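Okay, structure first, notes after.
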Amino acid sequence: MKLLVPVAFGLEAVVKRQLRKLGYDRAPATNGRLAVEGGWEDISRLNLCLRSGERVLIELASFHAGTFDELYDAAYAIPWEDWMTPHSEILLDGKSARSALAAIKASGGVIKKAIISRLSDKLRLKTLPEDKERFTVGFSIYEDEVSITLDTTGDSLHKRGYRTLAYTAPLKETLAAALIDMTYYFPERAFADPMCGSGTLPIEAAIKSLNIAPGKNRDFDFLHWPCSDKAAFARAKEEALDSEIRNAHVDIFAGDINEDAISLARYHAKRAGVDKCIRFKAADMKDFASARDHGVLITNPPYGERLEDEATVRETCKALGLMAKSLPDWNVYVLSGFPGFEKAYGRRAEKVHKVYNANIECGFYCYPSKS
12 MKLLVPVAFG LEAVVKRQLR KLGYDRAPAT NGRLAVEGGW EDISRLNLCL RSGERVLIEL
72 ASFHAGTFDE LYDAAYAIPW EDWMTPHSEI LLDGKSARSA LAAIKASGGV IKKAIISRLS
132 DKLRLKTLPE DKERFTVGFS IYEDEVSITL DTTGDSLHKR GYRTLAYTAP LKETLAAALI
192 DMTYYFPERA FADPMCGSGT LPIEAAIKSL NIAPGKNRDF DFLHWPCSDK AAFARAKEEA
252 LDSEIRNAHV DIFAGDINED AISLARYHAK RAGVDKCIRF KAADMKDFAS ARDHGVLITN
312 PPYGERLEDE ATVRETCKAL GLMAKSLPDW NVYVLSGFPG FEKAYGRRAE KVHKVYNANI
372 ECGFYCYPSK S
């Protein structure tokens, strides 16, 4: 099967490296998706182990369609009866750009009509209850070229299952994992986030250090499909569990000035199974210090979305820059959506990666150590 992994803007190279580590050396990119070949065991491994992809899709067909009739005929030709049952709940999720079929809702309606007609004809049924397992059929139309997919994942892969309580402006787990992979962090080094909020960055650092499969504690849509290979998933999960580094010695610090945030971060870390790997402390970022000569500091300070916040944000960035000067041999990385970050921080970054956090354009500012 051709498998597609949608990737958030700016993270393509990171996810390619993650795929390579999982054994997928070839993963060409098209329209924000990385493609690999595989079967049910690969679908299982990708859903369980991929740290920064958005989801895992099976591409059922790709074809040209400039009219609704062409779209219907090509969608009807797909052997839906090999995948679905009369009870399958069919959902549509699509997008279109630079195409004659610009009406997304109408295009989805045509595709669903084709699916229902095909299933009714092949299974010789007049009604389909749609009351059981979920199938999300995706369609992407670009310059009249259509890709039809099935979403094996369900809820996005950033939903690891450990973050159950809300906190101000949480960082997506998949983005946090990608940012960590864009740094010089590895388990033997100290790691710190002195403004950790609900703890996503230090938790993801611990998950990486212990080689924990991010999706090991969650459910996936394909596990409920009658056509899927449950034994393949069991093998992939056993492989993932056997690969965990349970006796790893790591030095990870999570701090925040807000005691409620620290309490929440500790709770999420416990749910993720990594609370014993992280030192939590309610403390002001300005006071952070370490006895370790070398380490990696990654943090995501508040950006400020109202004009009255700007002065506070600027002062926070300035204080962060002053604190970083006391760690000359540490690698410092900051995710910020504040346009004046570098000026406020007091130093131009060696490299800035453009990424999006909750639809906010951000820079990932990199200050590697010179030693």
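If you count the sequence shown from 1, position 3 lands on 14 in my numbering, and the numbers rise without skipping.
Heads up, the beta-carbon is just placed ideally off N, CA and C, and yes, glycines get one too.
Everything numeric in this text was worked out from a predicted model, so none of it was measured.
Worksheet item: What do you get for residue 219, buried or exposed, if any count of 16 or more other CB atoms within 10 angstroms of its CB means buried?
Response: Numbered from its first residue, the sequence shown carries residue 219 at position 208. Buried, since its Cβ has 16 or more Cβ neighbours within 10 Å.
Worksheet item: When the Cα of residue 22 is compared with those of 73, 373, 152, which residue comes out closest?
Response: On the sequence shown, residue 22 is found 11 positions in, with the first residue counted as 1. Residue 373 is the option with its Cα nearest to residue 22.
Fill in: Three-state secondary structure (DSSP) of residue 310
Reading the sequence shown from its first residue, position 299 is the one you call residue 310. Of the three classes helix, strand and coil, the one that applies to residue 310 here is strand, per DSSP.
Practice prompt. Report yes if the CB atom of residue 264 is closer than 9 Å to the CB atom of residue 203, and no otherwise.
Written response: For the purposes of this step, residue 264 is taken as the residue at position 253 of the sequence shown. For the purposes of this step, residue 203 is taken as the residue at position 192 of the sequence shown. Contact flag set, yes.
Discussion item. Looking at the secondary structure, which residues open and close the alpha helix (DSSP H) in which residue 375 lies?
Written reply: Taking the first residue of the sequence shown as position 1, residue 375 is located at position 364. Premise fails: residue 375 lies in the beta strand (DSSP E), 371 to 378, not in any alpha helix (DSSP H).
Worksheet item: If you run the structure through DSSP and keep just helix, strand and coil, what is residue 75?
Response: Here residue 75 is taken as the residue at index 64 of the sequence shown, counted from 1. Strand at residue 75.
Fill in: Residue nearest to residue 65 in terms of C-alpha spacing, selected from 337, 43, 139
Position 54 of the sequence shown, counted from the first residue, corresponds to residue 65. Closest by alpha carbon: 43.
Item to complete: Check the DSSP bridge columns for residue 161 and list the partner residues they point to.
Response: Here residue 161 refers to the residue found at position 150 when the sequence shown is read from its first residue. Note: residue 161 sits in a beta bridge opposite 69, 148.
Practice prompt. State the Cα-Cα distance for the pair residue 149 and residue 115, rounded to the nearest angstrom.
Written response: Within the sequence shown, the letter at position 138 stands for residue 149. Within the sequence shown, the letter at position 104 stands for residue 115. Distance between the alpha carbons of residue 149 and residue 115 is about 11 Å.
Worksheet entry | Coarse secondary structure for residue 32, derived from DSSP in three states | On the sequence shown, position 21 is the one that residue 32 refers to. Correct three-state label for residue 32: helix.
Worksheet item: Looking at the structure shown, is residue 195 part of a helix, part of a strand, or coil, going by DSSP?
Response: Taking the sequence shown and counting its residues from 1, the one referred to as residue 195 is at position 184. It is coil, neither helix nor strand.
Worksheet entry | DSSP three-state assignment for residue 234, whether helix, strand or coil | Start at 1 with the first residue of the sequence shown, and residue 234 comes out as number 223. Looking at residue 234 - three-state DSSP - the assignment turns out to be helix.
Discussion item. Just to check my reading of the structure: residue 61 and residue 18 have Cβ atoms closer than 8 Å, yes? What is that Cβ distance to the nearest angstrom?
Written reply: Locating residue 61 in the sequence shown gives position 50, where the first residue counts as 1. Locating residue 18 in the sequence shown gives position 7, where the first residue counts as 1. With a Cβ gap of about 10 Å, residue 61 and residue 18 do not count as contacting.
Discussion item. Please state the DSSP three-state secondary structure of residue 175.
Written reply: Counting from one through the sequence shown, the residue named residue 175 turns up at place 164. Looking at residue 175 - three-state DSSP - the assignment turns out to be coil, as it is neither helix nor strand.
Worksheet item: In the structure shown, what three-state DSSP assignment does residue 328 receive?
Response: On the sequence shown, position 317 is the one that residue 328 refers to. Residue 328 falls in the helix class under three-state DSSP.
Worksheet item: Between which two residues does the alpha helix (DSSP H) harbouring residue 14 extend?
Response: Indexing the sequence shown from 1 puts residue 14 at position 3. Counting along the chain, residue 14 falls outside any alpha helix (DSSP H), though it belongs to the beta strand (DSSP E) covering 13 to 17.
Worksheet entry | For residue 254 and residue 28, the rounded distance between their alpha carbons | Locating residue 28 in the sequence shown gives position 17, where the first residue counts as 1. Locating residue 254 in the sequence shown gives position 243, where the first residue counts as 1. In a straight line, the C-alpha of residue 28 is about 18 Å away from that of residue 254.
Discussion item. Please classify residue 107 as buried or exposed, where buried requires at least 16 neighbouring CB atoms within 10 angstroms.
Written reply: As a first step, residue 107 must be located in the sequence shown, where it is residue number 96. So residue 107 ends up on the buried side.
Worksheet entry | Residues near residue 99 in its chain [Cβ-Cβ closer than 6 Å; skip 5 each side] | Taking the first residue of the sequence shown as position 1, residue 99 is located at position 88. Around residue 99: 144, 146.
Practice prompt. For residue 58, count neighbouring Cβ atoms within 10 angstroms of its own Cβ and tell me buried if that reaches 16, exposed if not.
Written response: Numbered from its first residue, the sequence shown carries residue 58 at position 47. When all chains shown are included, residue 58 counts as buried.
Item to complete: Could you tell me the distance, in whole angstroms, from the CA atom of residue 212 to the CA atom of residue 173?
Response: Taking the sequence shown and counting its residues from 1, one reaches residue 212 at position 201. Taking the sequence shown and counting its residues from 1, one reaches residue 173 at position 162. C-alpha separation (whole angstroms): 13 Å.
Practice prompt. For residue 91, name the three-state secondary structure that DSSP assigns.
Written response: Counting from one through the sequence shown, the residue named residue 91 turns up at place 80. The answer is helix: DSSP assigns residue 91 an H, G or I state.
Practice prompt. Compare the C-beta of residue 282 against all C-beta atoms of chain D and say whether one is closer than 9 Å.
Written response: Going by chain labels, chain D is absent from the structure shown, which holds only one protein chain.
Worksheet item: What span of residues does the beta strand (DSSP E) with residue 364 cover, start to end?
Response: On the sequence shown, residue 364 is found 353 positions in, with the first residue counted as 1. Here the beta strand (DSSP E) through residue 364 covers 362 to 368.
Worksheet item: Ordered along the chain, which non-local residues of its own chain (more than five positions away) have a Cβ less than 6 Å from that of residue 228?
Response: Walking along the sequence shown from the start, residue 228 turns up at place 217. Here the set comprises 172.
Worksheet entry | Simplified DSSP assignment, three categories, for residue 3 | Outside the shown range of the chain, which is 12 to 382, sits residue 3, and nothing can be said about it.
Worksheet entry | residue 11 to residue 298 span [Cα, whole Å] | Shown here, the chain extends from 12 to 382; a query on residue 11 therefore has no answer.
Worksheet item: Any idea if residue 252 is buried or exposed, counting beta-carbon neighbours within 10 angstroms, 16 or more meaning buried?
Response: For the purposes of this step, residue 252 is taken as the residue at position 241 of the sequence shown. Label assigned to residue 252: exposed.
Fill in: Own chain, CB closer than 7 Å to residue 379, minus 5 neighbours either side, in chain order
For the purposes of this step, residue 379 is identified with residue 368 of the sequence shown, where counting begins at 1. Cβ neighbours of residue 379 beyond the five flanking positions: 195, 342, 361.
Fill in: Where residue 136 sits in the DSSP three-state scheme
To locate residue 136, count along the sequence shown from 1; it is residue 125. In the structure shown, residue 136 sits in coil (DSSP, three-state: anything other than H, G, I, E or B).
Discussion item. Using DSSP's beta-bridge definition, name the partner residues of residue 292.
Written reply: Your numbering for residue 292 matches position 281 in the sequence shown. Residue 292 pairs with 266.
Discussion item. For residue 200, count the other beta carbons within 10 Å of its own beta carbon; 16 or more makes it buried, fewer makes it exposed. Which is it?
Written reply: As a first step, residue 200 must be located in the sequence shown, where it is residue number 189. Counting Cβ neighbours within 10 Å, residue 200 comes out buried, since at least 16 surround it.
Practice prompt. Work out the CA separation of residue 278 and residue 215 for me, nearest whole Å.
Written response: Position 204 of the sequence shown, counted from the start, is the residue given in the question as residue 215. Position 267 of the sequence shown, counted from the start, is the residue given in the question as residue 278. Their backbone Cα atoms lie some 14 Å apart in a straight line.
Item to complete: Please say whether residue 175 and residue 68 have beta carbons closer to each other than 9 Å?
Response: In the sequence shown, residue 68 corresponds to position 57, counting from 1. In the sequence shown, residue 175 corresponds to position 164, counting from 1. The answer is no: Cβ separation not under 9 Å.
Item to complete: Note down the Cα distance separating residue 10 from residue 368, rounded to an integer number of angstroms.
Response: For residue 10 there is no data in the structure shown, the boundaries of the chain being 12 and 382.
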